[in-house]
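Only one structure is covered here, and it is reproduced in the block below.
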Amino acid sequence: VQLQASGGGLVEPGGSLRLSCAASGSIFSFNVMGWHRQAPGKQRELVARFTNGGSTNYGDSVKGRFTISRDNAKNTVYLQMNSLKPEDTAVYYCKAESVLRGDYWGKGTLVTVSS
2 VQLQASGGGL VEPGGSLRLS CAASGSIFSF NVMGWHRQAP GKQRELVARF
52 TNGGSTNYGD SVKGRFTISR DNAKNTVYLQ MNSLKPEDTA VYYCKAESVL
102 RGDYWGKGTL VTVSS
């Protein structure tokens, strides 16, 4: 399975972006799918994810501003990011987790929040 992330770019503080993660195969087979990010000099951290049963988890710093969604027919997971802040600047990675097959990472898409 390959994961292709897209939608990153340069946005001003307070702006919005929507990231997409398109999987080459069905996303039904994954137990967990979501987004992580890594800012320069920092560890990779959870942004948002779907877990078993369809529930969602969000990192504390993005709650109320970011929304994860999915389109199963398109094998795609989205991340709507609103009220962006400079501290949201990072490379955003799509991740899919399977108990049977292990973890898969996309190559990442850069989000820069700056005026």
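Using my numbering, read the sequence shown as starting at 2 and increasing by one per residue.
Note that beta-carbon positions come from the ideal geometry of N, C-alpha and C, so glycine has one too.
All figures in this text were calculated on a predicted structure; none of them were measured in a lab.
Query: Apart from the five residues on each side of it in sequence, which residues of its chain come closer than 6 Å, Cβ to Cβ, to V78?; Result: C22, M34, R71
Query: Among N53, S30, G16, whose alpha-carbon lies nearest the alpha-carbon of D89?; Result: G16
Query: Tell me the residue span of the beta strand (DSSP E) that contains Q39.; Result: 33-39
Query: Would you mind working out which of S99, G109, S116, S115 sits nearest F51, comparing C-alpha positions?; Result: S99
Query: For L101, which option in F29, A6, E13 has the closest C-alpha, if you only look at C-alpha atoms?; Result: F29
Query: What does a CB cutoff of less than 7 Å around G109 pick up in its chain, not counting 5 residues either side in sequence?; Result: A6, V92, Y93, Y94
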